[in-house]
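For reference, the structure is listed below as structure tokens.
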Amino acid sequence: MSRIQTTMAALAAKGQRALIPYITAGFPQADITPSLMHHMVQGGADIIELGVPFSDPMADGPVIQQAGEQALRDGIGMVQVLAMVAQFRQTDNATPVVLMGYANPIERYDLTHGKDAFVRDAKAAGVDGVLVVDYPPEECEDFAQALRAQDMDLIFLLAPTSTDQRIALVGKLATGYVYYVSLKGVTGAGHLDTDAVAAMLPRIRQHITIPVGVGFGIRDAQTACAVGAHADAVVIGSKIIQIAQTAAKDQVGDEVQQFLSGIKTALNALPAR
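Note that the sequence shown covers residues -6 to 266 in the working numbering.
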């Protein structure tokens, strides 16, 4: 069982939702990420999604796009991202880490370092799961098997437009959790429709037996709890990037930790699932 599955099972046994914060690797400073990840854990993060900077992030809104562009200018690529995870693992061997990004950096890594090098080196660094936005389930069964062989999870996105056929296919391949995109659009949009989320999740669960996390459009404790009332996990990204972007350099970790602590406290106050 992977670290993600162990964490999700432990939370489910307590009737709690997972808090999954996202941060772009190497943002807002190239060397801050391992320290920021520890602050996230201290703030209540159950799983961390670490974004791999990419030049054409189709699912990301302007906030995360700008974070990725800055990280790329600072020289952050897959090699550096894996080194950040390995550094985090020196003092945290429990919190699951999911790399979130696009196919291009993974495939370029394999071209440079050899066939299947990404899966091997991600496992060695301490990565627990991978979410590749532009890997459709119809085309990545081999990748899913390679990850499963290393006790790593392949996490898929579902959207309001996903058909029952697509949801069922994801249900056959996905492990760890499934990430439901709460709205039509990119990350950072502000028109979260929690009634639509509540209506969609039972349909997803007809085909998906693993936990379902919900993200996109969640910015505070109120929206986190509105979604958490129906989901197994809540994913927050753009708001954290904005906090990191505006905080004083020596206060980034503390401000992100404080924000997450408020969200986690609110989620834990919800009635048990």
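Here a beta-carbon is modelled for each residue, glycine too, at the ideal position from N, C-alpha and C.
In this text, all values refer to a predicted model and were calculated from it rather than measured experimentally.
Whole-Å CB distance - residue i paired with residue j, under 8 Å assumed
{"i": "Ala64", "j": "Pro50", "result": "That pair is no contact at about 11 Å."}
{"i": "Asp53", "j": "Ile13", "result": "Wrong, their Cβ atoms sit about 16 Å apart, outside the cutoff."}
{"i": "Leu43", "j": "Ala18", "result": "5 Å"}
{"i": "Val34", "j": "Thr88", "result": "5 Å"}
{"i": "Asp121", "j": "Ile(-3)", "result": "5 Å"}
{"i": "Ile160", "j": "Ala214", "result": "No, Ile160 and Ala214 are not in contact; Cβ-Cβ is about 29 Å, not under 8 Å."}
{"i": "Asp67", "j": "Ala23", "result": "4 Å"}
{"i": "Asp127", "j": "Ala96", "result": "5 Å"}
{"i": "Phe81", "j": "Met30", "result": "5 Å"}
{"i": "Lys116", "j": "Gln143", "result": "4 Å"}
{"i": "Val227", "j": "Ser175", "result": "Contact doesn't hold; Cβ gap of about 10 Å is too wide."}
Residue range of the beta strand (DSSP E) that includes residue i
{"i": "Ala222", "result": "First-last for Ala222: undefined, no H or E at that position."}
{"i": "Leu43", "result": "41 to 44"}
{"i": "Pro14", "result": "11 to 17"}
{"i": "Gly94", "result": "90 to 94"}
Those residues which DSSP pairs with residue i across a bridge
{"i": "Val126", "result": "According to DSSP, which records beta bridges pairwise, Val126 is partnered with nothing at all."}
{"i": "Asp146", "result": "Gly122"}
{"i": "Val174", "result": "Gly208"}
{"i": "Leu151", "result": "Tyr173"}
Where the alpha helix (DSSP H) through residue i begins and ends
{"i": "Met1", "result": "-4 to 7"}
{"i": "Ser28", "result": "26 to 35"}
{"i": "Pro21", "result": "Element bounds for Pro21: n/a, residue is neither H nor E."}
{"i": "Thr187", "result": "187 to 198"}
{"i": "Met71", "result": "71 to 82"}
{"i": "Pro264", "result": "No alpha helix (DSSP H) contains Pro264, which DSSP labels as neither H nor E."}
{"i": "Pro55", "result": "55 to 66"}
{"i": "Phe136", "result": "134 to 141"}
{"i": "Gly107", "result": "Taken as a continuous stretch (DSSP letters only), Gly107 belongs to no alpha helix (DSSP H), as it is neither H nor E."}
Q: With a floor of 3 residues, list each beta strand (DSSP E) that falls wholly inside the segment 205 to 260, ordered by position along the chain.
A: Runs of the beta strand (DSSP E) inside the segment 205 to 260: 205 to 208, 226 to 229.
Q. Is the segment 189 to 208 touching the segment 218 to 228 in the sense that three or more CB pairs, one from each, lie closer than 8 Å?
A. The answer is yes - the segment 189 to 208 touches the segment 218 to 228, with three or more Cβ pairs under 8 Å.
Q: Could you say if the segment 156 to 173 and the segment 132 to 148 meet the contact criterion of at least three C-beta pairs nearer than 8 Å?
A: Yes: at least three Cβ pairs fall under 8 Å.
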